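> Supplied in structure tokens, the structure appears directly below.
Protein chains: 2
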Amino acid sequence: MEKGLLIVVSGASGTGKGTVCKKLLAEIPTLYYSISATTRRPRVGETDGVEYFFLTREEFQRWIDEGKFLEHAEVYGNFYGTPAHKIEERLERGEDVLLEIDIQGALNVMAKKPDGVYIFLLPPSLEELSNRIKNRGTESPETFARRFKSAVGEIETGLRYQYAVVNDTVDAAAEKIKAIIAAERCRVSRNAALFQNLTNSKEM
Amino acid sequence: MEKGLLIVVSGASGTGKGTVCKKLLAEIPTLYYSISATTRRPRVGETDGVEYFFLTREEFQRWIDEGKFLEHAEVYGNFYGTPAHKIEERLERGEDVLLEIDIQGALNVMAKKPDGVYIFLLPPSLEELSNRIKNRGTESPETFARRFKSAVGEIETGLRYQYAVVNDTVDAAAEKIKAIIAAERCRVSRNAALFQNLTNSKEM
């Protein structure tokens, strides 16, 4: 059996990674969502063990020490990490795993998992990006300015990914990612068994 | 504007390239079908200028001399060629071009057009492949045996393509190819303009 796909959805802050991933999970029930850990505080409506594992700095450090992370990084003064346990297990079972992750984390995963599928979400325009960061409403003006400048700078990092998807509407972006998943399943490099079965069959 | 996609659908004889491509053209009206030229005789139901340009050997040689082919090759004693005119013109205009082509021809195009999308159709099983070649009903037993053996041998060539699609049902195969087209449009390498627009915009 072929391994599952590691699908990494990433992008600058405010490009709507979370919303797009929620849509994907609703439409592809077999997709396993890998929950990240963070030391940042939950936003309104976020639940521990659903959007993130919300850890204290001490707990986060313990997870590092115990080798529980595929990667971890500091972003805007908070720590974020991708728990490795379960991801490999699911992939080996042929299940697809979805990872929603910031850019720094995605680049770290890319180095360790070159056969993953790396998708970069883009805002439809810088104006829209600015609006989205503002509308989040959880930032002070200083935090907003810093975050917007950083987000614009981050867009160039997308050139290191395989796929770029413009998040103009959540539905359209999710459809494109579904197409990418379907296409990646057809990659010759992921279908060695298929060729082996056809060419090793008995003479007819 | 980004260039159109050159989509090359190929595969061993009897894997149903023609039927799958017809389905694709019916579902994606903007797709431009590049008609090949051949010196083989039309099969029942085939029309000059629709499935192929049916040429005499002399006409075919004249097209070669006039540099009209992107590639040409001899297969089973007949000549097949891909007319270059129009393909490049359409691609430059941003239109997608579909090329249905035998393996030898596809490998020739691959060498000249490395940014094309190369899709290899596979039969669901060797038994099914044998049935399909038989059911075509246009072959003598000798031709059948030669063609079947050759088709099985050709399957390994698929490892040189980017994508492999099992043609178990025409609908499913066409859906997969549509997903591949949608995914390829999202490739970062095909979206330089998108990144440039976002990163060159004025400061906000």
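In order, the protein sequence lines correspond to chains X and S.
Counting from 1, one number per residue, gives the positions in the first sequence under this note's numbering.
Counting from 1001, one number per residue, gives the positions in the second sequence under this note's numbering.
Note that the Cβ used here is the ideal one computed from N, Cα and C, for glycine as well.
Small disclaimer: the values here were computed from a predicted structure and weren't measured.
#1: Given 6 Å as the limit, tell me if residue 1189 of chain S has its C-beta closer than that to any heavy atom belonging to the ligand MN.
#2: Decide yes or no for the touch test of the segment 112-131 of chain X against the segment 10-29 of chain X: beta carbon pairs closer than 8 Å, at least 3 of them.
#3: State yes or no: is the C-beta of residue 74 of chain X within less than 7 Å of the C-beta of residue 32 of chain X?
#4: Which of the three DSSP states is assigned to residue 73 of chain X in this structure?
#5: Take residue 1100 of chain S as the anchor and find which of S:1199, S:1042, S:1051 has the nearest alpha-carbon.
#6: Quick one: measure Cβ to Cβ for residue 1163 of chain S and residue 188 of chain X, integer angstroms, because I've assumed they're closer than 8 Å.
#7: Would residue 1077 of chain S be called buried (16 or more neighbouring beta carbons within 10 Å of its own) or exposed?
#8: Roughly how many whole angstroms lie between the Cα atoms of residue 1006 of chain S and residue 145 of chain X?
#9: So, helix, strand or coil for residue 1107 of chain S, using DSSP?
#10: What residues match up with residue 98 of chain X in a beta bridge as DSSP calls it?
#11: Kindly list, in the order they appear in chain S, the residues whose Cβ is closer than 8 Å to that of residue 155 of chain X.
#12: Quick check: what's the CA-CA separation for residue 1190 of chain S versus residue 1184 of chain S?
#13: Which bits of chain S does residue 180 of chain X rub up against, with CB to CB less than 9 Å?
#14: DSSP on residue 155 of chain X, reduced to helix/strand/coil?
#15: Are the C-beta atoms of residue 191 of chain X and some chain S residue less than 7 Å apart?
#16: Rounded to a whole number of angstroms, what is the C-alpha to C-alpha distance between residue 1012 of chain S and residue 180 of chain X?
#17: Flag this pair as touching only if the segment 78-92 of chain X and the segment 52-64 of chain X have three or more C-beta atom pairs under 8 Å; answer yes or no.
#18: Run through DSSP, which three-state label would residue 167 of chain X get?
#19: Can you list the residues of chain S that residue 158 of chain X reaches, using a CB-CB cut of under 8 Å?
#20: At a Cβ threshold of 7 Å, is residue 1106 of chain S touching chain X?
#21: Please report whether the beta-carbon of residue 1161 of chain S lies at a distance below 7 Å from any beta-carbon of chain X.
#22: For the alpha helix (DSSP H) that contains residue 1131 of chain S, what are its first and last residues?
#23: Judging by CA-CA distance, which residue of X:157, X:130, X:85 is the nearest neighbour of residue 64 of chain X?
#24: Listed from N- to C-terminal order along the chain, which residues in the segment 1091-1117 of chain S have their beta-carbon within a distance smaller than 8 Å of any beta-carbon of chain X?
#25: Check the Cβ-Cβ distances between residue 23 of chain X and every residue of chain S, and say whether any is below 7 Å.
#26: Please report the straight-line C-alpha distance between residue 48 of chain X and residue 42 of chain X, rounded to a whole angstrom.
#27: Please list, in chain order, the residues of the segment 162-177 of chain X that have any C-beta partner in chain S closer than 9 Å.
#28: Can you give me the C-alpha to C-alpha distance between residue 204 of chain X and residue 1126 of chain S, rounded to a whole angstrom?
#29: According to the Cβ coordinates, are residue 1132 of chain S and residue 1014 of chain S closer than 7 Å?
In short, the structure shows the following:
#1: Among the ligands in the structure shown, none appear at all, so the ligand MN cannot be discussed.
#2: A contact is defined here as three or more CB-CB pairs under 8 Å, and the segment 112-131 of chain X meets this definition with respect to the segment 10-29 of chain X.
#3: Here residue 74 of chain X corresponds to residue number 74 of the first sequence, with the count starting at 1. Here residue 32 of chain X corresponds to residue number 32 of the first sequence, with the count starting at 1. Against a cut-off of 7 Å, the Cβ pair of residue 32 of chain X and residue 74 of chain X comes out as no contact.
#4: Taking the first sequence and counting its residues from 1, one reaches residue 73 of chain X at position 73. DSSP places residue 73 of chain X in strand when its eight states are reduced to three.
#5: The residue given as residue 1100 of chain S occupies position 100 in the second sequence. Comparing Cα positions, the closest option is S:1051.
#6: Translated into the one-based positions of the second sequence, residue 1163 of chain S becomes position 163. Translated into the one-based positions of the first sequence, residue 188 of chain X becomes position 188. That pair is a contact at about 6 Å.
#7: Against the second sequence, residue 1077 of chain S aligns to sequence position 77. Taking a 10 Å sphere around the C-beta of residue 1077 of chain S, we find fewer than 16 other C-beta atoms and assign the residue as exposed.
#8: Counting from one through the second sequence, the residue named residue 1006 of chain S turns up at place 6. Counting from one through the first sequence, the residue named residue 145 of chain X turns up at place 145. Taking the straight line from one Cα to the other gives about 43 Å.
#9: Position 107 of the second sequence, counted from the first residue, corresponds to residue 1107 of chain S. The three-state reading of DSSP puts residue 1107 of chain S in helix, counting H, G and I together.
#10: Your numbering for residue 98 of chain X matches position 98 in the first sequence. DSSP lists X:7, X:33 as the beta-bridge partner residues of residue 98 of chain X.
#11: On the first sequence, residue 155 of chain X is found 155 positions in, with the first residue counted as 1. Residues of chain S passing the Cβ test: 1195, 1198, 1199.
#12: Here the question's residue 1190 of chain S lines up with position 190 in the second sequence. Here the question's residue 1184 of chain S lines up with position 184 in the second sequence. If I take the Cα positions, the gap works out to 8 Å.
#13: Locating residue 180 of chain X in the first sequence gives position 180, counting from the first residue. The contact set of residue 180 of chain X on chain S, defined by CB atoms closer than 9 Å, consists of 1179, 1182, 1183, 1186 in chain order.
#14: Translated into positions along the first sequence, residue 155 of chain X becomes position 155. Here residue 155 of chain X sits in helix by DSSP.
#15: Reading the first sequence from its first residue, position 191 is the one you call residue 191 of chain X. At a cut-off of 7 Å between beta-carbon atoms, residue 191 of chain X makes contact with chain S.
#16: Position 12 of the second sequence, counted from the start, is the residue given in the question as residue 1012 of chain S. Position 180 of the first sequence, counted from the start, is the residue given in the question as residue 180 of chain X. Taking C-alpha positions only, residue 1012 of chain S is separated from residue 180 of chain X by approximately 26 Å.
#17: Counting Cβ pairs under 8 Å, three or more are found: they touch.
#18: Sequence index remark: in the first sequence, residue 167 of chain X carries index 167 (1-based). Coil at residue 167 of chain X, not helix or strand.
#19: As a working note, residue 158 of chain X is residue 158 in the first sequence. Result: 1188, 1195.
#20: As a working note, residue 1106 of chain S is residue 106 in the second sequence. No, residue 1106 of chain S lies away from the interface with chain X (no Cβ there is under 7 Å from its Cβ).
#21: To locate residue 1161 of chain S, count along the second sequence from 1; it is residue 161. It does: the Cβ of residue 1161 of chain S has a partner Cβ on chain X nearer than 7 Å.
#22: Position 131 of the second sequence, counted from the start, is the residue given in the question as residue 1131 of chain S. For residue 1131 of chain S, the enclosing alpha helix (DSSP H) has its first and last residue at 1126-1135.
#23: In the first sequence, the residue the question calls residue 64 of chain X occupies position 64. Of the listed residues, the one whose Cα sits closest to residue 64 of chain X is X:85.
#24: In summary, no residue of the segment 1091-1117 of chain S has a CB separated from any CB of chain X by less than 8 Å.
#25: Mapped onto the first sequence, residue 23 of chain X falls at position 23. It does not: the Cβ of residue 23 of chain X has no partner Cβ on chain S nearer than 7 Å.
#26: Walking along the first sequence from the start, residue 48 of chain X turns up at place 48. Walking along the first sequence from the start, residue 42 of chain X turns up at place 42. So the alpha carbons of these two residues sit roughly 8 Å apart.
#27: Taking 9 Å as the Cβ-Cβ cut-off against chain S, the residues of the segment 162-177 of chain X that qualify are 162, 163, 164, 165, 166, 175, 176, 177.
#28: Position 204 of the first sequence, counted from the start, is the residue given in the question as residue 204 of chain X. Position 126 of the second sequence, counted from the start, is the residue given in the question as residue 1126 of chain S. With a pLDDT of 49 at residue 204 of chain X, under the threshold of 50, the modelled position of that residue is not reliable, and the figure given next carries that caveat. When rounded, the distance between both Cα atoms is 8 Å.
#29: One-based indexing of the second sequence puts residue 1132 of chain S at position 132. One-based indexing of the second sequence puts residue 1014 of chain S at position 14. Contact: yes.
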